[in-house]
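Residue numbering for the sequence shown follows the working numbering, beginning at 89 and increasing consecutively. Backbone N, C-alpha and C fix where the C-beta goes; we use that ideal spot for every residue, glycine too. Since we're looking at a predicted model, the values are computed, not measured.
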Amino acid sequence: MTENELIRTENLVRIFKSGGSEVHALDGVSLCIRQGGLTILNGKSGSGKTTLINQLSALDQPTSGSVWFEGQELSALPERERDKIRRTRMGIVFQSVALISTMTALENVEFGLRVAGVPAAGRKERALECLEYVGLGKRAGHLPQEMSGGEQQRVAIARAIAHRPAVIFADEPTAQLDSGMGLQVVSVFKKLIAEQGATVIMTTHDPDLMQVADSVFTLRDGRLLDPVEGGETP
Ligand SMILES: Nc1ncnc2c1ncn2[C@@H]1O[C@H](COP(=O)(O)OP(=O)(O)OP(=O)(O)O)[C@@H](O)[C@H]1O
Ligand SMILES: [Mg+2]
89 MTENELIRTE NLVRIFKSGG SEVHALDGVS LCIRQGGLTI LNGKSGSGKT
139 TLINQLSALD QPTSGSVWFE GQELSALPER ERDKIRRTRM GIVFQSVALI
189 STMTALENVE FGLRVAGVPA AGRKERALEC LEYVGLGKRA GHLPQEMSGG
239 EQQRVAIARA IAHRPAVIFA DEPTAQLDSG MGLQVVSVFK KLIAEQGATV
289 IMTTHDPDLM QVADSVFTLR DGRLLDPVEG GETP
C-alpha cells in the first residue's frame with residue numbers, strides 16, 4: 089500500500105452487455121488516489137468517467153479487477169457492507185441535484201445524517217453548521233425550489249460532508265450550472281480541502297477546473313492515459 093493511500097484500483101474492467109453487443113466502459117484501469125486534495129477524472133463524453141466514479145464509490149460492481157478503499161477490497165465485500173461503507177465513509181454529490189423537494193435545506197442535510205446513522209441528538213446543530221460552512225445559513229428554512237441551482241448544489245455538498253466522510257465523490261457537479269455558480273461549488277471543495285484536509289474526487293469536462301486539481305486522470309475509451317503531476321499508477 090502506498091503511503092496515505094485512500095483508494096486503489098487494480099486492472100478494473102466493467103463491461104456492459106446490451107442487446108447482442110458489449111461495451112468495455114472500463115478496460116483495465118489501475119490507479120491510486122492518496123488522502124487529501126482534489127482529484128479530477130476527465131475525458132470525452134462516453135470515455136468512462138461516470139462508470140469509474142460509480143466503481144470507486146461502490147455504487148456498481150466490476151466485471152473483473154478490484155477496488156480498494158481504506159485498505160479493504162470493496163469489490164469482495166457483501167453488498168450490505170459496501171452500502172454501509174458508502175453511507176458512512178463516503179459523501180456523494182450528483183450532477184442533477186438530488187435534494188428532497190418537500191424538505192427544507194436544513195431537513196435535507198439532517199436526513200443525510202440520519203441515513204449515515206448519526207444519532208438524533210446533535211443532528212440539527214451539525215446540519216446547520218454545514219449549511220453555514222457552504223455559506224447558506226440564511227437559507228436553512230428554504231425549500232429546494234426557493235433556491236438557485238448553485239445554492240441547491242451547495243446544500244447537496246453540505247449533505248455530503250455532514251457525516252464527516254473520508255472522501256467526497258462528485259460526478260460533474262458543475263455541469264448544470266453557469267460558470268459563476270460552478271466556481272462557487274468548486275471553491276467550497278477547495279475550502280474543505282484546505283481547512284479540513286478533505287479528499288474530493290470529481291469528474292468534469294471543464295478545462296478551467298483541471299488547473300485547480302492536485303491530480304488529474306484522463307480516460308479515453310475506458311483506459312487511463314499517462315497520469316500527469318500528482319497522479320500515480322501503482
Ligand atoms: N448501463 C449501461 N449499459 C450499457 N452501456 C453503458 C451503460 N452505462 C454506460 N454505458 C456505456 O459505457 C461507456 C462509458 O459511459 P460513462 O457514462 O462512464 O461515460 P462518461 O465519461 O461519464 O460520459 P459523459 O461525459 O457523457 O457523462 C459509454 O459508451 C456508455 O454508452
Ligand atoms: Mg458521465
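Roughly how many angstroms lie between the CA atoms of residue i and residue j, to the nearest whole one?
i    : j    : result
G318 : T190 : Here G318 scores only 47 on pLDDT, less than 50, and its place in the model is too uncertain to base an answer on.
G225 : A282 : 21 Å
L312 : V101 : 12 Å
A228 : M298 : 32 Å
R170 : A146 : 6 Å
L219 : A246 : 6 Å
P322 : L140 : Only weak support exists for where P322 lies, its pLDDT of 49 falling under 50; the coordinates are left without a value.
A113 : E213 : 42 Å
G107 : G310 : 20 Å
I289 : E110 : 28 Å
A186 : S133 : 22 Å
P166 : Q183 : 28 Å
V155 : T97  : 4 Å
H251 : G223 : 18 Å
D294 : V274 : 12 Å
Residue i: which of the options sits nearest, CA to CA?
i    : options                   : result
G356 : L265, G107, E260 and R122 : Summary: the structure shown does not reach residue 356, with the chain confined to residues 89 through 322, and so no result is reported for it.
G124 : A186, G285, V276 and R211 : G285
T151 : M178, G108 and A164       : A164
R122 : G310, L307 and S303       : S303
L231 : V255, A254, E195 and V206 : E195
E91  : V111, G159 and N142       : G159
Q143 : L201, L265 and A258       : A258
L94  : F104, L126 and G116       : L126
F104 : T97, E98 and D115         : D115
V181 : T291, P207, N99 and G210  : T291
So what's residue i in DSSP terms, helix, strand or just coil?
i    : result
D294 : coil
G116 : strand
G225 : helix
L216 : helix
E98  : strand
L280 : helix
V203 : helix
G319 : Low per-residue confidence applies at G319: pLDDT is 48, beneath 50, and the placement is therefore not dependable, though the value from the model is reported in the following sentence. The answer is coil: DSSP assigns G319 none of H, G, I, E or B.
Contact between the segment 260-271 and the segment 226-240 (3+ Cβ pairs under 8 Å): The answer is yes - the segment 226-240 touches the segment 260-271, with three or more Cβ pairs under 8 Å.
Unbroken stretches of the alpha helix (DSSP H), 4 residues or longer, contained in the segment 134-198: Correct list: 137-144 and 167-177.
Length-filtered (4 minimum) alpha helix (DSSP H) runs lying within the segment 227-276: Within the segment 227-276, the complete alpha helix (DSSP H) runs of at least 4 residues are 237-249.
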